[in-house]
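Student: Residue numbers (this note's numbering): 308 to 707.
Each residue gets a CB set at the ideal place from its N, CA and C atoms; glycine is no exception.
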Amino acid sequence: MHLTAARLDRINPSLTIAIATKARALRAAGHDVISLSAGEPDFDTPENIKQAAIRAIEAGETKYTDVSGTPALRQAAAEKFRRDSGLDYRPEEIIVSTGGKQVIFNAMLATIEAGDEAVIPAPCWVSYPDIVALAEGNPVLVPCSQNHGFKLRAEDLDAAITPKTKWFLLNNPCNPTGAAYSAADLRPICDVLLRHPDVWVFSDDIYEKLAYDGFRPATVVEVEPKLRARTVTMNGCSKAYAMTGWRIGFAGAPVALVKAMDKLQSQSTTNASSISQAAAVEALNGPQDSIGRMVQVYNERRDLVVSMLNAAPGITCHKPDGAFYVFPAIHGCIGKTSRNGQTISDDESFVTALLEEEGVAVVHGAAFMYPGHFRISYATATELLREACTRIQRFCRNLS
Ligand SMILES: Cc1ncc(COP(=O)(O)O)c(C=O)c1O
308 MHLTAARLDR INPSLTIAIA TKARALRAAG HDVISLSAGE PDFDTPENIK QAAIRAIEAG
368 ETKYTDVSGT PALRQAAAEK FRRDSGLDYR PEEIIVSTGG KQVIFNAMLA TIEAGDEAVI
428 PAPCWVSYPD IVALAEGNPV LVPCSQNHGF KLRAEDLDAA ITPKTKWFLL NNPCNPTGAA
488 YSAADLRPIC DVLLRHPDVW VFSDDIYEKL AYDGFRPATV VEVEPKLRAR TVTMNGCSKA
548 YAMTGWRIGF AGAPVALVKA MDKLQSQSTT NASSISQAAA VEALNGPQDS IGRMVQVYNE
608 RRDLVVSMLN AAPGITCHKP DGAFYVFPAI HGCIGKTSRN GQTISDDESF VTALLEEEGV
668 AVVHGAAFMY PGHFRISYAT ATELLREACT RIQRFCRNLS
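1) Based on the DSSP secondary-structure assignment, which residues constitute the bridge partners of Asn542?
2) Using a threshold of 8 Å, is the CB atom of Trp474 nearer than that to any non-hydrogen atom of ligand 1?
3) Please confirm whether any heavy atom of ligand 1 lies closer than 8 Å to the CB of Lys546.
4) Taking only the alpha-carbon atoms, compute the straight-line gap between Gly556 and Leu315 and give it to the nearest angstrom.
5) Given 8 Å as the limit, tell me if Gln572 has its C-beta closer than that to any heavy atom belonging to ligand 1.
6) Which of helix, strand or coil does DSSP assign to Asn647?
7) Taking the straight line between their C-alpha atoms, what separation do you get for Ile683 and Asp610?
8) Closer than 8 Å is the cut-off here; do at least three beta carbon pairs connect the stretch 404-424 with the stretch 443-461?
9) Could you give the distance in angstroms between the alpha-carbon of Arg704 and the alpha-carbon of Glu531?
10) Give me every residue whose Cβ sits closer than 6 Å to any heavy atom of ligand 2, in chain order.
11) Quick one: Cα of Leu591 to Cα of Ala383, how far?
12) In this structure, does DSSP put Tyr677 in helix, strand or coil?
13) Can Pro675 and Val449 be called in contact, C-beta distance under 9 Å?
14) Please state the DSSP three-state secondary structure of Pro398.
15) Using the C-alpha atoms, what's the distance from Asp465 back to Thr650?
16) What residues in its chain sit with their C-beta under 8 Å from that of Thr577, if we drop five residues either side in the sequence?
17) Beta carbon of Asp254, beta carbon of Ala686: below 9 Å?
18) On the criterion of 16 or more Cβ atoms from any shown chain inside 10 Å, does Gln409 qualify as buried, or is it exposed?
19) Hey, could you find the ends of the beta strand (DSSP E) Lys566 is sitting in?
20) What are the start and end residues of the alpha helix (DSSP H) that includes Leu749?
21) Tell me, please, which residues DSSP counts as bridged to Phe657.
22) Tell me which residues share the same chain as Pro483 and place their Cβ nearer than 6 Å to its Cβ, disregarding the 5 neighbours each side in the sequence.
23) Thinking just about the alpha-carbon of each residue, which of Ser580, Pro620, Ile598 is nearest to the one in Ala549?
24) Taking only runs that begin and end inside the stretch 569-617, name each unbroken alpha helix (DSSP H) of 4 or more residues, in chain order.
25) List the whole-angstrom C-beta distance separating Gly543 from Ile513, where the pair is believed to meet the contact cut-off of C-beta under 8 Å.
26) Can you list, in chain order, the residues of its chain with a C-beta nearer than 6 Å to that of Tyr396? Leave out the 5 residues immediately preceding and following it.
27) Assign His455 to buried or exposed, taking buried as 16 or more other Cβ atoms, counted over all protein chains shown, within 10 Å of its Cβ.
28) According to DSSP, is Ala487 helix, strand or coil?
29) Out of Val506, Ile582, Leu477, His638, state which residue places its alpha-carbon closest to the alpha-carbon of Ala379.
30) In the stretch 400-432, which residue ranges form an unbroken alpha helix (DSSP H) of at least 4 residues, counting only runs that do not cross its ends?
31) With respect to the alpha helix (DSSP H) encompassing Pro450, which residues constitute its N-terminal and C-terminal limits?
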């Protein structure tokens, strides 16, 4: 008897989770493993946010809320969009979900018909193609090379759009490359989108606050207000406020789409956790200085990792403007043999040998639809990062 439905065959289990699981198993077996594979801040949630959650529990805010979120959080999200990006969303144009991931899931499932296409710049976050595929859509990946800082070129977007294109998904700053788009970078992309009035735009700005050396990532609607009527502006608390486990994401979108997402969510998870929503109100409305402190640490770590990786033979590492990832190329390592006799034929064999021989867990580029590279998350203690990069240098030096 066949247990699972055909729709499950359209998707893959998350490869980033698979690597993290293997690293945990090696560690449990007594190996000294440094994992740089997780996409979450190593910082604790700021104290004022935790206290807001405790107060919510004590005040009995433990019941169902409106599906699209509490009035207080929708208002706070609307104010966040106005404050940070000059966007004018009314609370009824806001939906709160269980993580940004559920916002993406809701938007794709609520709108994609079988055979519709979603244009996704690659390298991309592991979940985009699978969520599109689950909704019976076809992901159309547009390669963005390291030569252009892993940023999408407007002409490549134009060439990828067909009459079947329903969505264009942009992640700014990007997981896994850290590539970030300023307002000037987005202008030509918006011009292409203006010429294709049937394409909806999903702007995943979840790493917006994590940008370095004064770089300011922009969002699509602020650059081109004419796209507002067909854009989802998504953000959340996971990355900026070190709140991955609290599961709060939100988006501004046209009312018709918010209603469609609300309908879908009402038959799945209902509302995001009432306690997490109360905490998110404090995150958005309360003091913002914890972000600056975390960004300063990430900035130092990025500089350390990029310089140490570029000193490893066979690796070239681009210095990105945002998120907490780097995505080095390993072209100079391919075809070589490791100290223990493993052949490095591609990015997957590279990360496997690196984990087994040096105890450093990173994720291979193919997981992000872009082989020949690997991803490091530098949301890890600085001393561990230094040790991990020293091991990577040794691993590369020992290739012959
Ligand atoms: C690009 C991107 N978008 C969205 C998410 C979803 O985050 P969450 O569901 O925790 O809000 C992540 C998390 O890793 C991500 O990397």
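Tutor: With the structure as the only source:
1) Walking along the sequence shown from the start, residue 542 turns up at place 235. Bridge partners of Asn542: Phe557.
2) Locating residue 474 in the sequence shown gives position 167, where the first residue counts as 1. Taking 8 Å as the cut-off, the C-beta of Trp474 does not count as close to any heavy atom of ligand 1.
3) Stepping through the sequence shown from its first residue, residue 546 is reached at position 239. Within the cutoff, so yes.
4) As a first step, residue 556 is located in the sequence shown; it is residue number 249 there, counting from the start. As a first step, residue 315 is located in the sequence shown; it is residue number 8 there, counting from the start. Whole-angstrom Cα-Cα distance: 25 Å.
5) One-based indexing of the sequence shown puts residue 572 at position 265. Taking 8 Å as the cut-off, the C-beta of Gln572 does not count as close to any heavy atom of ligand 1.
6) The sequence position of residue 647 within the sequence shown is 340, counting from 1. Coil.
7) Against the sequence shown, residue 683 aligns to sequence position 376. Against the sequence shown, residue 610 aligns to sequence position 303. Cα to Cα, the separation comes out at about 13 Å.
8) Judged by pairs of C-beta atoms under 8 Å, the stretch 404-424 touches the stretch 443-461, as three or more such pairs exist.
9) Your numbering for residue 704 matches position 397 in the sequence shown. Your numbering for residue 531 matches position 224 in the sequence shown. One C-alpha to the other measures close to 48 Å.
10) Here the bound small molecules are ligand 1; ligand 2 is not part of this structure.
11) The residue given as residue 591 occupies position 284 in the sequence shown. The residue given as residue 383 occupies position 76 in the sequence shown. Distance between the alpha carbons of Leu591 and Ala383: 6 Å.
12) Along the sequence shown, read from residue 1 onward, the residue named residue 677 stands at position 370. Tyr677: coil per DSSP, three-state reduction.
13) Indexing the sequence shown from 1 puts residue 675 at position 368. Indexing the sequence shown from 1 puts residue 449 at position 142. This sequence places Phe at residue 675; Pro is not what is there. Against a cut-off of 9 Å, the Cβ pair of Val449 and Phe675 comes out as no contact.
14) One-based indexing of the sequence shown puts residue 398 at position 91. The answer is helix: DSSP assigns Pro398 an H, G or I state.
15) The residue given as residue 650 occupies position 343 in the sequence shown. The residue given as residue 465 occupies position 158 in the sequence shown. It is roughly 40 Å from the alpha-carbon of Thr650 to the alpha-carbon of Asp465.
16) Residue 577 sits at position 270 when you count from the first residue of the sequence shown. Result list for Thr577: Tyr371, Val374, in chain order.
17) Lying before the first or after the last residue shown, residue 254 is absent from the chain, which here runs from 308 to 707.
18) As a working note, residue 409 is residue 102 in the sequence shown. It is buried - the Cβ of Gln409 has at least 16 other Cβ atoms within 10 Å.
19) Position 259 of the sequence shown, counting from 1, holds the residue named residue 566. Looking at the DSSP string, Lys566 is not in any beta strand (DSSP E); the run it does join, the alpha helix (DSSP H), is 562-573.
20) Nothing about residue 749 can be reported from this structure: the residues present for the chain run from 308 to 707 only.
21) Locating residue 657 in the sequence shown gives position 350, counting from the first residue. According to DSSP, residue pairing for Phe657 in a beta bridge does not occur.
22) As a first step, residue 483 must be located in the sequence shown, where it is residue number 176. A distance below 6 Å between beta-carbons, with the five flanking residues on each side excluded, links Pro483 to the following residues of its chain, in chain order: Pro430, Tyr632, Phe634, Phe675, Arg682.
23) Counting from one through the sequence shown, the residue named residue 549 turns up at place 242. Considering only alpha carbons, the answer is Ile598.
24) Secondary structure within the stretch 569-617: the alpha helix (DSSP H) runs of 4 or more consecutive residues, fully enclosed, are 581-592, 596-617 (chain order).
25) As a working mapping, residue 543 is identified with position 236 in the sequence shown. As a working mapping, residue 513 is identified with position 206 in the sequence shown. A Cβ-Cβ separation of about 5 Å places Gly543 in contact with Ile513 under the 8 Å criterion.
26) Here the question's residue 396 lines up with position 89 in the sequence shown. Contacts found: Ala385, Phe388, Gly559.
27) For the purposes of this step, residue 455 is taken as residue 148 along the sequence shown, with counting starting at 1. Flag for His455 reads exposed.
28) In the sequence shown, the residue the question calls residue 487 occupies position 180. In the three-state reduction of the DSSP assignment, Ala487 falls in the coil class, being assigned neither a helical nor a strand state.
29) For the purposes of this step, residue 379 is taken as residue 72 along the sequence shown, with counting starting at 1. Closest by alpha carbon: Ile582.
30) If we require 4 residues or more, the alpha helix (DSSP H) runs fully inside the stretch 400-432 come out as 407-418.
31) Translated into the one-based positions of the sequence shown, residue 450 becomes position 143. Segment 445-450 is the beta strand (DSSP E) holding Pro450; no alpha helix (DSSP H) there.
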